[in-house]
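Undergrad: Add 943 to a position in the sequence shown, counting from 1, and you land on the number used in the numbering used here.
I'd like to ask some things about the structure below.
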Amino acid sequence: MTSTRPPHHRRLVRRLRTTLSGATAGVLLVGLAALPARAEAGAEEPLGTVVRTAGHARFTPGPCPRTADPTPALETARCGTLTVPENRARHTGRKITLAVAIVPATHRRAPDPIVWLAGGPGDDANSEIQLALSGGLNRDRDVIFMSQRGTYSADPALTCPNVDEFNARALGLVYGAPSTGRLHVTATRACRDRLVDLGADLSAYNSTESAADYADLRVALGIRRWNVFGISYGTDLALLYMRLHPEGIRSVGIDGVLPPSLASGAVTWKAAREGFDGIFDACAQQPACNDRYPHLKATFERLVRALEARPVTTTVTVPDHPEPVKVVLDGGTLVNWLTFASHLATGVPRSIDELAHGNPQRIAEQLAGGKLSPQAIGRLSHGLAYGVFCSEWTPFESEADVIRAGRRAFPSFPESVLANAPGLAWLHADCRAWDVPAAPRSVRDVTRSDIPTLVLSGGFDSQTAPSSGPYAARTLSRSTEVTVPYVAHVVFADSSCAQTITRSFFDTPTAPNTGCLAGLQPPEFDIAP
944 MTSTRPPHHR RLVRRLRTTL SGATAGVLLV GLAALPARAE AGAEEPLGTV
994 VRTAGHARFT PGPCPRTADP TPALETARCG TLTVPENRAR HTGRKITLAV
1044 AIVPATHRRA PDPIVWLAGG PGDDANSEIQ LALSGGLNRD RDVIFMSQRG
1094 TYSADPALTC PNVDEFNARA LGLVYGAPST GRLHVTATRA CRDRLVDLGA
1144 DLSAYNSTES AADYADLRVA LGIRRWNVFG ISYGTDLALL YMRLHPEGIR
1194 SVGIDGVLPP SLASGAVTWK AAREGFDGIF DACAQQPACN DRYPHLKATF
1244 ERLVRALEAR PVTTTVTVPD HPEPVKVVLD GGTLVNWLTF ASHLATGVPR
1294 SIDELAHGNP QRIAEQLAGG KLSPQAIGRL SHGLAYGVFC SEWTPFESEA
1344 DVIRAGRRAF PSFPESVLAN APGLAWLHAD CRAWDVPAAP RSVRDVTRSD
1394 IPTLVLSGGF DSQTAPSSGP YAARTLSRST EVTVPYVAHV VFADSSCAQT
1444 ITRSFFDTPT APNTGCLAGL QPPEFDIAP
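Encoded structure:
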């Protein structure tokens, strides 16, 4: 998830690392000698080079899409667009186009490609290409990327720069204050009005329509069988897709699991508890960390309560931003910081300790660096994010349910903190402003399937609970469930072991090689002098 919200949403680990540290991930150039893929064994035309129609959908080869970050792999990719109805219930309505990029395999070319389902909701798959390739996903198979409807490289792109800009300004506001909530909803409503004025049918941007888009893409590309790999929100979409359109799916990998039946503010609080505890426990078990930062869990929870009662204001400077930035730290802000700082877990104990001793600079700089980064403005599709949240989540969970779930996870937190689940500030109020109809309750059904499935979770994942992986695997009869310790949300991004397991899975979906798990060691936490 993403924005102030997509934590499930949102959110590439690579971008999160950039958000919190200012570091820039490296790029991986695709081998130029890669052989072109075929639509299936024995086909004559390379995959993605032929115009094809599938029902009301049509694939047309064409230029490669724009991406939010430099993407050298597109220089050797085959690209085009899939044209689909905006709303499949209205076949005479307008059409939308989704950008497609097919990145060739670099070594052996298996006949069944992999299709990548992006996170968010609202992230663009074509802006996640380097994340996939950095993990070697295209070693033996072509990998297909298609922008989900409404995202950055789709037409229309339902982005909301005004919401992103408000989130940056809100650094200087009390996170949980009702006045901040009113401003938040005003920004959301302004974006909604603009998109409606542009002709968007906001009720058509949801997981059910996206699942149908991928079913159409497979047929329009002439692919007999393919594999699916989804991250974060893409796991929600993958589980729905394999339930609604199982035809032609050879195997499915899901990483950072968000089952549709659990997707809610409640599971976000559960994820925060599990991910935070993973970091706190790892520090406690490491003598150097425990000696320097004893009782880390209790210290963090005490700080949340204290800051919620008396927020701290500081000023920081961030790269490429000439003016000093005011940052207000209250309890809710601290919870949100740690949710995403889990991607930089080795520095978490030191940051919490500095705050406890009156120095909020490290945390404030990370918060400001993320919100004010050029990458934070105009790249997330809030139109798709709210379409999913407001039709598939909030109709099936009350605001009181969110508070109850937060109290179960963090009994000592005040209600003003618990009212806004991590990354989902003012979600119910925003959804009342977004005003789209609720999806059928069946959208939240449990997925039961015998399609071979790899279920990946991270022990430090504070965005989609580590326990959600085993939960999803219970009804997937041919699943392999793996929890990679000491890694945050989307383990494929940060763990070479997870990457090895994933590649092995697509080679032998019923017997992936998980041997690398035995050698994993906890991280060495930063110890201040």
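We treat Cβ as the ideally placed atom computed from N, Cα and C, and that holds for glycine.
Does residue 1082 pass the burial test, meaning 16 or more other C-beta atoms within 10 Å, or should it be called exposed?
TA: With 16 or more Cβ atoms within 10 Å of its Cβ, residue 1082 is classed as buried.
Undergrad: Enumerate, from N- to C-terminal direction, the unbroken beta strand (DSSP E) stretches of 3 or more residues contained entirely within the region 1290-1329.
TA: DSSP runs (the beta strand (DSSP E)) wholly in the region 1290-1329: none.
Undergrad: Can you round the beta-carbon distance between residue 1394 and residue 1291 to whole angstroms, since I take them to be within the 8 Å contact cut?
TA: That belief does not hold up - the Cβ atoms of residue 1394 and residue 1291 are roughly 37 Å apart, past 8 Å.
Undergrad: Okay, do the region 1304-1322 and the region 1269-1283 touch, 3+ Cβ pairs below 8 Å being the bar?
TA: Taking 8 Å as the limit for Cβ pairs, the verdict is that the region 1269-1283 does touch the region 1304-1322.
Undergrad: Please classify residue 943 as buried or exposed, where buried requires at least 16 neighbouring CB atoms within 10 angstroms.
TA: This structure does not reach residue 943, given that the chain is present from 944 up to 1472, and the question cannot be answered.
Undergrad: In the DSSP assignment, the alpha helix (DSSP H) including residue 1163 goes from what residue to what residue?
TA: Taken as a continuous stretch (DSSP letters only), the alpha helix (DSSP H) holding residue 1163 covers 1150-1163.
Undergrad: Return the CA-CA distance between residue 1317 and residue 1420, expressed in angstroms with no decimal places.
TA: Looking at the two C-alpha atoms, the distance is approximately 44 Å.
Undergrad: Take the Cβ of residue 1091 as the centre, count every other Cβ of all protein chains shown within 10 Å, and call the residue buried at 16 or more, exposed below.
TA: The residue in question, residue 1091, is buried, as its Cβ has 16 or more Cβ neighbours within 10 Å.
Undergrad: When you compare each of 1186, 1375, 1382 and 1251 to residue 1358 by their alpha carbons, which one comes out closest?
TA: It is 1251.
Undergrad: For residue 1363, list the residues DSSP reports as bridge partners.
TA: Answer is none; residue 1363 lacks a bridge partner.
Undergrad: Within this structure, are the beta carbons of residue 1334 and residue 1382 separated by less than 8 Å?
TA: Against a cut-off of 8 Å, the Cβ pair of residue 1382 and residue 1334 comes out as a contact.
Undergrad: Kindly indicate the opening and closing residues of the beta strand (DSSP E) around residue 1026.
TA: Looking at the DSSP string, the run of the beta strand (DSSP E) that includes residue 1026 is 1021-1028.
Undergrad: Taking the alpha helix (DSSP H) that residue 904 falls in, what are its first and last residues?
TA: Here the chain comprises residues numbered 944 to 1472, so residue 904 is not present and cannot be evaluated.
Undergrad: Below 8 Å between beta carbons: does that hold for residue 1371 and residue 1404?
TA: Going by C-beta atoms, residue 1371 is not nearer than 8 Å to residue 1404.
Undergrad: Please list, in chain order, all residues of the same chain as residue 1050 whose beta carbon is under 7 Å from its beta carbon, the five residues on each side excluded.
TA: For residue 1050, where only same-chain residues beyond five positions count, the Cβ hits under 7 Å are 1082 and 1083.
Undergrad: Which same chain residues end up closer than 6 Å to residue 1375 when comparing Cβ atoms and leaving out the 5 residues on each side of it in sequence?
TA: Counting only Cβ-Cβ distances below 6 Å, and skipping sequence neighbours, we find nothing.
Undergrad: Could you name the residues of the same chain whose beta carbon sits closer than 6 Å to that of residue 1037, not counting the 5 residues immediately before and after it, in chain order?
TA: Answer for residue 1037: 1029, listed in chain order.
Undergrad: Using alpha carbons as the reference points, say which of 1164, 996, 1146 and 1458 lies closest to residue 1329.
TA: The shortest C-alpha separation from residue 1329 is found at 1146.
Undergrad: State the Cα-Cα distance for the pair residue 1057 and residue 1337, rounded to the nearest angstrom.
TA: Going by the C-alpha atoms only, they are around 32 Å apart.
Undergrad: Taking the alpha-carbon positions, what's the residue 1136 to residue 1180 distance?
TA: Cα to Cα, the separation comes out at about 27 Å.
Undergrad: Using only alpha-carbon positions, find the residue among 1411, 997, 1379 and 1020 that is nearest to residue 1216.
TA: With distances taken between Cα atoms, residue 1216 lies closest to 1411.
Undergrad: Quick one: give me the first and last residue of the beta strand (DSSP E) that residue 1198 is part of.
TA: Segment 1192-1198, the beta strand (DSSP E) holding residue 1198.
Undergrad: Do three or more CB pairs link the region 1118-1128 to the region 1062-1071 at distances below 8 Å?
TA: Not touching, per the Cβ criterion.
Undergrad: Could you compute how far the alpha carbon of residue 1408 sits from the alpha carbon of residue 1185?
TA: Each residue's alpha carbon lies about 21 Å from the other.
Undergrad: Under the DSSP definition of a beta bridge, which residues are partnered with residue 1172?
TA: Partner(s): 1059 and 1196.
Undergrad: If you draw a straight line from the C-alpha of residue 967 to the C-alpha of residue 1437, how long is it?
TA: For residue 967, the predicted model reports a pLDDT of 27, less than 50, meaning its position is unreliable; a value from the coordinates is still stated below. So the alpha carbons of these two residues sit roughly 14 Å apart.
Undergrad: Pick helix, strand or coil for residue 1088, following the three-state DSSP scheme.
TA: It is a strand residue.
Undergrad: Quick one: residues in its chain with C-beta nearer than 7 Å to the C-beta of residue 1106, no 5 flanking neighbours on either side, listed in chain order?
TA: If we look at residue 1106 and ignore the five residues flanking it on each side, its Cβ neighbours are 946, 1130, 1131, 1134 and 1325.
Undergrad: What does residue 1039 pair with, by DSSP beta-bridge criteria?
TA: Paired residues: 1027.
Undergrad: Measuring CA to CA, which of 1397, 1377, 1452 and 1194 is closest to residue 1143?
TA: It is 1377.
Undergrad: What residue does the alpha helix (DSSP H) around residue 1282 start on, and which one ends it?
TA: Residues 1274-1284.
Undergrad: Here's a check: name, in chain order, each residue in its chain whose Cβ is nearer than 7 Å to the Cβ of residue 1231, leaving out the five neighbours to either side.
TA: Counting only Cβ-Cβ distances below 7 Å, and skipping sequence neighbours, we find 1470.
Undergrad: Would residue 1175 pass as a contact of residue 1201 if the rule is Cβ separation under 8 Å?
TA: For residue 1175 and residue 1201, yes; Cβs fall inside 8 Å.
Undergrad: Quick one, which of 1320, 1239, 1283 and 1254 has its alpha-carbon nearest residue 1297's?
TA: Nearest of 1320, 1239, 1283 and 1254 to residue 1297, Cα basis: 1239.
Undergrad: Per DSSP, what kind of secondary structure is residue 1046 in: helix, strand or coil?
TA: Residue state, collapsed to three classes: strand.
Undergrad: If distances are taken between C-alpha atoms only, which option among 1010, 1398, 1032 and 1044 comes closest to residue 1023?
TA: The option with the nearest alpha carbon to residue 1023 is 1044.
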